[in-house]
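For the sequence shown, full-length UniProt numbering begins at 1 and goes up steadily by one.
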Amino acid sequence: MKSHNETLMRILMLDDDPEDAFLVRTAIKRSCLPLSFMYFQTSEAFSQYLHRTSLVSHENEVVVLLLDLNMPCKGGLEWLEELRSDSRYEGLIIVVFSTSNMAEERARSLSLGANDHLGKPDSVRELAHRLTDLYHRWIGHRR
1 MKSHNETLMR
11 ILMLDDDPED
21 AFLVRTAIKR
31 SCLPLSFMYF
41 QTSEAFSQYL
51 HRTSLVSHEN
61 EVVVLLLDLN
71 MPCKGGLEWL
81 EELRSDSRYE
91 GLIIVVFSTS
101 NMAEERARSL
111 SLGANDHLGK
121 PDSVRELAHR
131 LTDLYHRWIG
141 HRR
């Protein structure tokens with residue numbers, strides 16, 4: 001249970017691979033951190049969510065988007081450009097979550113406004129460690 005002074009990290013994930021979402025959900029449970037999780041398998045589902053929900057971070061909440069670059073229809077780079085060009089999503093932390101660790105892809109993502117680039121790990125344990133690092137980096141950044 002979340003204490004009154006504990007900051008919640010709301011993790012949204014846009015990725016067409018449900019196995020990756022399962023990996024993230026399992027890692028979140030193992031991390032024992034105050035993290036919530038919502039998964040969107042399609043750009044259309046995420047777009048509908050954006051139209052009905054505010055992604056503004058609050059005093060006790062940080063919103064992070066794990067964004068897969070290789071999405072069908074509307075790719076991650078397109079989403080990155082769209083979200084960064086809209087002032088409503090100024091406080092949204094965008095972490096590119098990709099199987100590719102190519103330097104060019106990372107540089108392009110960061111130049112378009114991604115806050116970080118996280119390679120998809122091979123194990124739940126490794127991902128739980130990375131999510132813990134991500135939590136402490138962004139929660140610590142707000143204090």
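Where a beta carbon is used, it is the ideal one built from N, C-alpha and C, also for glycine.
These figures come from a predicted structure and were not determined experimentally.
May I ask you to list the residues that DSSP assigns as paired with E78? Here residue 78 is taken as the residue at index 78 of the sequence shown, counted from 1. Per DSSP, none; premise fails for E78.
So, L12 versus V64, is the Cβ gap smaller than 9 Å? For this step, residue 12 is matched to residue 12 along the sequence shown. For this step, residue 64 is matched to residue 64 along the sequence shown. A contact, by the Cβ cut-off of 9 Å.
For S87, three-class secondary structure by DSSP: Locating residue 87 in the sequence shown gives position 87, where the first residue counts as 1. In the structure shown, S87 sits in a helix (DSSP, three-state: H, G or I).
Who are the near neighbours of L131 in its chain, counting only those whose CB is closer than 6 Å to its CB and skipping five residues on each side? As a first step, residue 131 is located in the sequence shown; it is residue number 131 there, counting from the start. These residues qualify, in order along the chain: A27 and S31.
Quick check on DSSP: helix, strand or coil for D122? Position 122 of the sequence shown, counting from 1, holds the residue named residue 122. Three-state DSSP puts D122 in coil, outside helix and strand.
Locate the beta strand (DSSP E) running through E61, then write down its first and last residues. Counting from 1 along the sequence shown, the entry for residue 61 is found at position 61. Residues E61 to L67.
Note the first and the last residue of the continuous alpha helix (DSSP H) segment covering L50. What you label residue 50 is simply residue 50 of the sequence shown in a count that begins at 1. Its alpha helix (DSSP H) spans residues S43 to R52.
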